[in-house]
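Enquirer: In this text, residue positions in the sequence shown follow UniProt numbering: the first is 1, and each later residue adds one.
Cβ atoms here follow ideal geometry from the backbone N, Cα and C, with glycine treated the same way.
Every value quoted in this text rests on a predicted model; they were computed, and no experiment measured them.
Below you will find the structure I want to go over with you.
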Amino acid sequence: MSSPHDKSAVVATVLASLDAGAAPERVALRDAVRALLAALAAKVPGRSVEVRVPPYGAIQCVEGPRHTRGTPPNVVEMDPETWVRLATGRLSWDEAITQGRLRISGNRADISNYIPI
């Protein structure tokens, strides 16, 4: 299934670079990460899981107990390229876990039902 974000110019540019085995331009990668994080936050509103993609962004999503201070109990963290691939369906949740590309903590941190976006 194709992601609607394939039509976004910045996401398409980053995907083209990744598909070619090249490193995406830093500004384009940042913008693609932020756009896809915003799309996830809009798709799955809430504050019980924090999705971190350092150094470009972090959001809270998924309904449930609200987190307000300190380190959240439910965190998903990954590098920018992994996030772009996950969010657009180029990498599955299970593949990312098997490859050690995700750092996950908490019993609500499995966001696999919400991706690709």
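1) Go ahead and label N113 buried or exposed: buried means 16 or more other beta carbons lie within 10 angstroms of its beta carbon, across all protein chains shown.
2) Label I117 either buried or exposed according to how many other C-beta atoms from any shown protein chain fall within 10 Å of its C-beta, with 16 as the threshold for buried.
3) Looking only at its chain, what residues have a beta carbon closer than 7 Å to the beta carbon of A109, apart from the 5 residues adjacent to it on each side?
4) Answer yes or no: does any C-beta atom of chain B fall closer than 7 Å to that of P73?
5) Put I104 into one of helix, strand or coil per three-state DSSP.
6) Could you check if T88 is buried or exposed, using at least 16 other CB atoms within 10 Å of its CB as the buried criterion?
7) Decide yes or no for the touch test of the stretch 20 to 39 against the stretch 94 to 102: beta carbon pairs closer than 8 Å, at least 3 of them.
8) Let's test the definition: count the other Cβ atoms within 10 Å of the Cβ of D6 and tell me whether it reaches 16, buried, or not, exposed.
Expert: Looking at the coordinates:
1) Position 113 of the sequence shown, counted from the first residue, corresponds to residue 113. Residue burial annotation: N113 is exposed, with fewer than 16 other C-beta atoms found within 10 angstroms of its C-beta.
2) Along the sequence shown, one-based indexing puts residue 117 at 117. Flag for I117 reads buried.
3) Counting from 1 along the sequence shown, the entry for residue 109 is found at position 109. The answer, listed in chain order, is V49, N74, V75, V76.
4) Looking for chain B here will not work: only one protein chain is present.
5) Within the sequence shown, residue 104 is the residue found at index 104, counting from 1. Note: I104 maps to strand in three-state DSSP.
6) In the sequence shown, the residue the question calls residue 88 occupies position 88. Its Cβ being crowded by 16 or more others within 10 Å, T88 is buried.
7) In short, these stretches do not touch, since the Cβ pair count stays below three.
8) Taking the sequence shown and counting its residues from 1, the one referred to as residue 6 is at position 6. Low local confidence applies: a pLDDT of 47 at D6 is under 50, so the model's placement there is unreliable, with the coordinate-based value given in what follows. Under this definition D6 is an exposed residue.
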